[in-house]
Amino acid sequence: MDIIHLLSDTIANQIAAGEVVQRPASAVKELMENAIDADATEIQLIIKDSGKTLIQIIDNGKGMSVTDVRMSFERHATSKISKSEDLFAIRTMGFRGEALASIAAVAQVDVKSKRAEDELGTLLSIEGSEVKTQEPVSTATGTSISVKNLFYNVPARRKFLKSNPVEMKHILDEFHRVALAHPEVAFDLFHNDIDLYKLPIAKLSKRIVDVFGKNYRQQLAGCEEITPYVSINGFVGKPEAAKKTRGDQYFFINHRFIKSPYLHHAVTMAFEGTIPDRHYPFYVLNIEIDPSHVDINIHPQKTEIKFDDEKAVYSILRSAVRQAIGVYNLTPSIDFDSDINFGNLTNFKMPEKAPTAFDRAGSSVSNFEKSSSFQNPRKEAQQDWKTLYEGLESAANFQKTDENVHMGSKANSGIDTQVKPDLEEVDAVQIHLKYIALQVKSGMLLIDEKAAWERILFEKYE
Ligand code: ADP
Ligand code: MG
């Protein structure tokens, strides 16, 4: 007797779903990417119970016709490619035509969709690959997909979902990736009716700050390199902002998030010598490359890719990042808060001047530069820096050479202060054996000795 038979669509889809939908976050990724491919400019993500009860994505993209909504749930059904050459010219996030079929195999799904040219939209309900109903509905242009009770019909998988915080963390990771890859799209994320993120359309720098918080504002160095083979743009964190934990590292190839230990190595090499061991720099880097030079069809989740000339990408990337952190190190900035690289000194404020045009014009550099009564702010800043630097050097020598005065003053007064007697041009006082206060042209400087000494050594050996 023959024993081979074809599997039913339902089982085939469930097997395929195993590759595409591992957890709620995978469905979030696929549905957000579909919305991006549909040219949405606003995407709303509504999550309940970390996606275990509900994942809903509402977009204002181009919508689907009545038949296309039905077709979209077939396996290998896609509007994005049609022939094999198309595989090497992919500009869309999706192309395999398996996400909706997979999701519908393991959940209860409602889709509402309408194109701009149609008066009425269509509402389709499908459960475990079985279409339940499809009917006309009045709805806005775009698509809304609700995925309810993921893995309701595959208890073994549902049982293996992790706790709500863990599953939500995975969802946030996917959300961050898509949001960072597409600052030209507005995103809104609700979890259990709480509005977690509201990200307006913005430049990438603002999107990074909107996602990770305003601490990042001072920490970004722009990175840009254009070559005929590949272009790189984005931001890297300044070296002093590097963290001990991995996590905030993002590569995008043509706006698709990818994981690449090889390219990560290129960035690490660019930072070599500027950050301590086992610290990881922040980066959000988009690599634009003609799709014919990459193969993204290696893995169903499309987070691994192959370049035809991997080494070229490596070295262009390394040099772009090196330049980004180099330029930032050399360019004197008005904002000294962020311009000094060393630990404690990052909190160091330059002395305030008497009110100047700077204050009147507001603190933005562009206003600052436009203001007429403050002709060359950059020069002024450099001047201040020079004063500070000279102060640091004298202060450091002072600390090394004058142990006696130091001891004396400690004995004489209750607090640890001392005056450097023979250093005429600098009037310095040491406080608590840790800080040096000194008078400069424009006011008073308080110097953290250890950080200052590190800075001097750094300048010397760089
Ligand atoms: P793929 O994205 O690989 O084509 P999917 O299963 O994710 O496969 O989607 C199937 C098709 O359904 C897409 O090719 C697209 O035409 C349509 N589609 C899916 N989501 C949307 C959406 N949000 N807006 C418009 N069309 C969509
Ligand atoms: Mg898709």
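The opening residue of the sequence shown carries number 1133 in this note's numbering; numbering runs sequentially from there.
Heads up, the beta-carbon is just placed ideally off N, CA and C, and yes, glycines get one too.
Under the DSSP assignment, ASN1365 falls in the beta strand (DSSP E) whose first and last residues are 1362-1369.
Within its own chain, the residues whose Cβ lies closer than 6 Å to the Cβ of TYR1382, once the five positions on either side in sequence are excluded, are LEU1312, VAL1416, listed in chain order. Boundaries of the alpha helix (DSSP H) harbouring TYR1394: 1393-1403, taken from the DSSP string.
HIS1323 sits in a strand when the DSSP states are folded into three classes.
Rounded to the nearest whole angstrom, the C-alpha separation of GLU1404 and PHE1367 is 17 Å.
When the Cα atoms are used, GLU1217 and ASN1429 turn out to be separated by approximately 13 Å. Looking only at ASN1418, GLY1150, LEU1565, the smallest Cα-Cα distance to VAL1453 is reached by ASN1418. Under the DSSP assignment, GLU1420 falls in the beta strand (DSSP E) whose first and last residues are 1415-1421. Under the three-state reduction of DSSP, PHE1383 is assigned to strand. According to DSSP, TYR1284 shares a beta bridge with no other residue. Distance from the CA of GLU1162 to the CA of ASP1305, rounded to the nearest whole angstrom, comes to 13 Å. When the beta-carbon positions are compared, TYR1412 and LYS1375 come within less than 8 Å of each other. Residue ARG1228 holds the alpha-carbon nearest to the alpha-carbon of SER1214 among MET1203, PHE1439, ARG1228. For PRO1315, the secondary structure class from DSSP, reduced to helix, strand or coil, is coil.
MET1300 carries a helical assignment under DSSP once its states are collapsed to helix, strand and coil.
In this structure, the CA atom of HIS1564 is about 15 Å from the CA atom of LEU1577. In terms of Cβ geometry, LYS1184 and GLU1299 form a close pair [threshold 8 Å].
Exclusion of the five residues before and after GLY1369 leaves GLN1351, PRO1413, PHE1414 as the residues of its chain whose Cβ lies within less than 6 Å of its Cβ.
Around the beta carbon of ALA1148, 16 or more other beta carbons sit within 10 angstroms, so the residue counts as buried. Between the beta-carbon of MET1225 and that of ASP1169 there is about 5 Å, and that keeps the pair under the 8 Å contact cut.
Annotation: SER1204 to GLU1372 spans about 48 Å, alpha carbon to alpha carbon.
Using a 10 angstroms sphere on the CB of ASP1380, the tally of other CB atoms reaches 16 or more, which defines it as buried. A residue is called buried once 16 or more other Cβ atoms fall within 10 Å of its Cβ, and LYS1434 is buried on that count. In the displayed model, ALA1569 falls within a strand according to three-state DSSP.
The C-beta distance from ILE1179 to PHE1322 rounds to 7 Å, short enough to fall under 8 Å. The residues ALA1398, MET1401, ALA1402, in chain order, have a CB closer than 6 Å to that of ARG1450 in the same chain once the five nearest residues on each side in sequence are set aside. In this structure, the beta-carbon distance from LEU1293 to SER1270 does not fall below 8 Å. Of all residues, those with a beta-carbon under 5 Å from at least one heavy atom of the ligand MG are ASN1166, GLY1226, ALA1231, reported in chain order. Annotation for LEU1255: the continuous beta strand (DSSP E) segment containing it runs 1253-1259. DSSP places SER1270 outside both helix and strand once states are collapsed to three, so it counts as coil. No heavy atom of the ligand ADP is found nearer than 7 Å to the CB of GLY1253. Here LYS1338 carries a helix assignment [DSSP, helix/strand/coil].
For ASP1250, no beta strand (DSSP E) segment is defined, and its DSSP state is neither H nor E. At a threshold of 7 Å, ARG1228 counts as near the ligand ADP, since its beta carbon sits closer than that to one of the ligand's heavy atoms.
When distances are taken from the beta-carbon of SER1211 to the heavy atoms of the ligand ADP, the shortest one is below 7 Å.
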